[in-house]
Amino acid sequence: MIAANIEKIRQELPAGVKLIAISKTKPVEMIQEAYHAGQKIFGENKVQEMVAKHEVLPPDIEWHLVGHLQSNKVKYIAPFVHLIHAVDSIKLLETIDKEGAKNNRVINCLLQIFIAQEDTKFGLSPEEAEQLLQSTSYQHMRHVRICGLMGMATNTSDNTQVRAEFHSLKQLFSRFKSSYFAAQDHFSEISMGMSSDYKIAVEEGSTMIRVGSSIFGERSYAEQ
Ligand SMILES: *Cc1c(COP(=O)(O)O)cnc(C)c1O
């Protein structure tokens, strides 16, 4: 079942779009099943859960932290995390830089941009993101690498609105690319699209989709 779900999604994806399997709340057995179907990139939204799964699962898995991250928890994932999707403050980025230095590595990050018409989601406004990129604090960081932007569309059945929100993220990415990262190939990722909206996201230029329930099945409400 899991293998078939992954295969079905893969067949729809253009070359170059990565599938992040969001395994939050799901047991390691299900992750192993996906792993044996060739899935090597997994995303979690809770630090403790990601650390526990990382400890028992194969070392060649790329672990992505996709949810809101508190500064005081960065140290637990700094040794191994492959990409932090939801950087939403300069303070958090400073902490990641510090922990990257302690672990003698450069930690890949995305800036989460607020694109939805909802007030429940985390993220930077385009102006705040630009201030971060222009700050002297950021310019002195040597242990973070900003690889692109991440966004979540409004949870609505109005596909026109969802498409417009994804389109705005792609436009901001293009503007930041030419203004701040023109010579830096690593600024190349747009993480957008979940089970309900990844097809629209891919049409609007996503390079990474974060899909949970369409692979592993629905999560119960209490588990979200
Ligand atoms: C849970 C989650 C997803 C996956 O959601 P599905 O609707 O199950 O595909 C994607 N991104 C983030 C940030 C999440 O927390």
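Position 208 of the sequence shown, counting from 1, maps to 202 under this note's numbering, and the rest follow consecutively.
Don't be surprised by glycine CBs; every beta carbon is placed ideally from N, CA and C.
According to DSSP, residues forming a beta bridge with residue i
{"i": "ARG139", "result": "ASN102"}
{"i": "HIS58", "result": "GLY37, LEU77"}
{"i": "ALA15", "result": "PHE36, VAL205"}
{"i": "GLY145", "result": "ILE107"}
{"i": "GLU183", "result": "GLY142"}
{"i": "LEU118", "result": "ILE107"}
Beta-carbon separation (whole angstroms), residue i vs residue j, contact threshold 8 Å
{"i": "VAL81", "j": "ILE203", "result": "In fact, because the Cβ distance is near 19 Å, the residues do not count as touching under 8 Å."}
{"i": "ALA46", "j": "ILE209", "result": "Actually they are not in contact, since the Cβ atoms of ALA46 and ILE209 sit about 20 Å apart, beyond 8 Å."}
{"i": "LYS40", "j": "GLU56", "result": "Not quite, the Cβ-Cβ distance comes to about 17 Å (not below 8 Å), so this is no contact."}
{"i": "LEU87", "j": "PRO120", "result": "With a Cβ gap of about 16 Å, LEU87 and PRO120 do not count as contacting."}
{"i": "ILE107", "j": "ALA123", "result": "6 Å"}
{"i": "GLU220", "j": "LEU59", "result": "The structure shown does not extend to residue 220, since the chain is modelled only from -5 to 218, so the question has no answer here."}
{"i": "ILE140", "j": "LEU118", "result": "Actually they do not touch by this definition, with Cβ atoms about 12 Å apart."}
{"i": "ASN153", "j": "GLU112", "result": "The pair is not a contact, with the Cβ atoms about 16 Å apart (cut-off 8 Å)."}
Close-in-space but distant-in-sequence residues of the same chain around residue i (CB under 8 Å, 5 per side omitted)
{"i": "MET24", "result": "ILE(-4), SER17, PHE210"}
{"i": "THR201", "result": "GLY10, VAL11, LYS12, GLY142, SER182, GLU183, ILE184, SER185"}
{"i": "ILE90", "result": "VAL68, ALA72, ILE78, VAL81, ILE101, CYS103, HIS137, VAL138"}
{"i": "PRO21", "result": "none"}
{"i": "ALA28", "result": "ILE(-4), ALA(-3), ILE0, ALA15, SER17, PHE36, ILE209, PHE210"}
{"i": "LYS85", "result": "SER65"}
{"i": "TYR174", "result": "LEU127, PHE181"}
{"i": "VAL205", "result": "ILE3, LEU13, ILE14, ALA15, ILE16, GLY187, MET188, SER189, TYR192"}
{"i": "ASP54", "result": "LYS34"}
{"i": "MET135", "result": "LEU87, GLU88, ASP91"}
{"i": "SER129", "result": "ILE84"}
Chain-order list of residues whose beta-carbon lies under 7 Å from that of residue i (same chain, five-residue window excluded)
{"i": "HIS48", "result": "TRP57, PHE74"}
{"i": "ASP191", "result": "ALA147, VAL156"}
{"i": "GLU198", "result": "ARG157, PHE160, HIS161, LYS164"}
{"i": "VAL196", "result": "LEU7, PRO8, VAL11, GLY187, ILE203"}
{"i": "GLY94", "result": "ALA72, VAL100, ILE101, HIS137, VAL138"}
{"i": "PRO52", "result": "TYR29"}
Cut-off 6 Å between Cβ atoms - residues of its own chain near residue i, not counting five sequence neighbours on either side
{"i": "ARG213", "result": "THR19"}
{"i": "TYR70", "result": "VAL41, VAL45"}
{"i": "ARG169", "result": "none"}
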